[in-house]
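Participant:
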DNA sequence: ATGCCGCGACTCTCGCGA
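Numbering (my numbering), first residue to last: 77 to 355.
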């Protein structure tokens with residue numbers, strides 16, 4: 077079985093490239109992030125014509141995650157238990173906005189996680205919050221989001237033979253060698269110790285990050301910014317990963333970062349990461 | 001060539017992203 081994860085940065089703008097990736101890699105399952113569309117805008121028909129079932133959650137032009145599968149798509153969950161929501165909290169000196177915020181009991185849960193059972197594997201497509209800036213409300217949201225996911229993922233891994241794969245855009249740079257120049261990120265998100273700790277905590281929950289296990293090379297990037305010729309200069313980041321339970325990890329034969337997909341007109345800023353699993 | 005940011009929308013500018 078071949079499973080991949082890819083942040084497409086707008087599915088509608090990259091539908092042809094997405095269908096091309098499915099065909100080129102002969103994928104059984106694709107976990108998609110940043111579809112940037114609502115459910116009713118999702119091009120379901122194009123996936124069906126290609127032989128895939130699809131599950132999607134998208135609430136607005138932001139976020140949006142999906143799973144496409146040709147090996148079954150069962151027990152779809154459009155969020156994980158305990159997934160926190162996000163809404164900017166108004167400053168105390170803004171009376172009108174502050175009273176509005178008080179009326180909002182629970183901030184809305186964003187479309188950043190979808191799970192489905194595909195060919196016996198519980199697959200999650202995850203788009204971890206960016207964080208925006210150290211100390212920002214969004215940064216605290218990011219840490220809570222990761223902690224809550226880790227807590228529930230520990231339960232999913234309780235059965236010794238549980239087959240769970242947490243795939244996606246983690247928005248964390250775990251190692252200094254996962255970025256072209258870590259000094260450029262000093263004081264910014266993605267490299268802070270709390271973020272790195274929150275990422276590494278999945279190991280304590282019984283998971284293995286299989287993409288590094290199979291692609292241990294330094295500076296093996298999965299993302300290059302659109303700006304400042306980042307790709308031609310190979311100034312990238314490694315932020316797309318797959319944490320799996322042992323029963324999945326032992327099945328992984330190869331992992332490939334599809335660097336070619338970043339080339340040419342109309343590329344996403346992320347590239348697919350493909351996992352080949354033994355039957 | 002891999003080339004100077006791209007996408008979506010309450011579009012003619014802004015929010016968001018890493």
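Glycine included, C-beta positions come from ideal geometry on N, C-alpha and C.
Whole angstroms are fine: how far does the CA of residue 302 sit from the CA of residue 255?
Facilitator: C-alpha separation (whole angstroms): 15 Å.
Participant: Less than 7 Å between the beta carbons of residue 203 and residue 141, yes or no?
Facilitator: Cβ atoms of residue 203 and residue 141: closer than 7 Å.
Participant: Taking the beta strand (DSSP E) that residue 82 belongs to, which residues open and close that run?
Facilitator: Note, residue 82: beta strand (DSSP E), 78-83.
Participant: In the DSSP assignment, what are the bridge partners of residue 352?
Facilitator: Looking at the DSSP assignment, residue 352 forms a beta bridge with 78, 330.
Participant: Note down the Cα distance separating residue 293 from residue 107, rounded to an integer number of angstroms.
Facilitator: Between residue 293 and residue 107, the C-alpha separation is close to 23 Å.
Participant: Is there contact between the segment 266-273 and the segment 234-252, where contact requires at least three CB pairs shorter than 8 Å?
Facilitator: As far as the Cβ criterion goes, the segment 266-273 touches the segment 234-252, which means the pair count is three or higher.
Participant: Whole-angstrom Cβ separation of residue 345 and residue 297, contact assumed at under 8 Å?
Facilitator: Not a contact, Cβ separation roughly 11 Å.
Participant: So, under 8 Å CB-CB, residue 117 and residue 146 are touching, yes? Tell me the CB distance rounded to an integer number of Å.
Facilitator: The pair is not a contact, with the Cβ atoms about 22 Å apart (cut-off 8 Å).
Participant: Rounded to the nearest angstrom, what separates residue 98 and residue 104 at their Cα positions?
Facilitator: In a straight line, the C-alpha of residue 98 is about 8 Å away from that of residue 104.
Participant: Measuring alpha carbon to alpha carbon, tell me which of 123, 188, 214 ends up nearest residue 163.
Facilitator: Taking only the C-alpha atoms, the option nearest residue 163 is 214.
Participant: Got a sec, what are the start and stop residues for the alpha helix (DSSP H) residue 46 sits in?
Facilitator: For residue 46 there is no data in the structure shown, the boundaries of the chain being 77 and 355.
Participant: Could you tell me whether the Cβ atoms of residue 281 and residue 230 are closer together than 7 Å?
Facilitator: Cβ distance < 7 Å, so residue 281 and residue 230 count as in contact.
Participant: Quick one: using the 10 Å Cβ neighbour count with 16 as the cut-off for buried, is residue 186 buried or exposed?
Facilitator: So residue 186 counts as buried.
Participant: For the alpha helix (DSSP H) containing residue 287, name the first residue and the last one.
Facilitator: Looking at the DSSP string, the run of the alpha helix (DSSP H) that includes residue 287 is 286-290.
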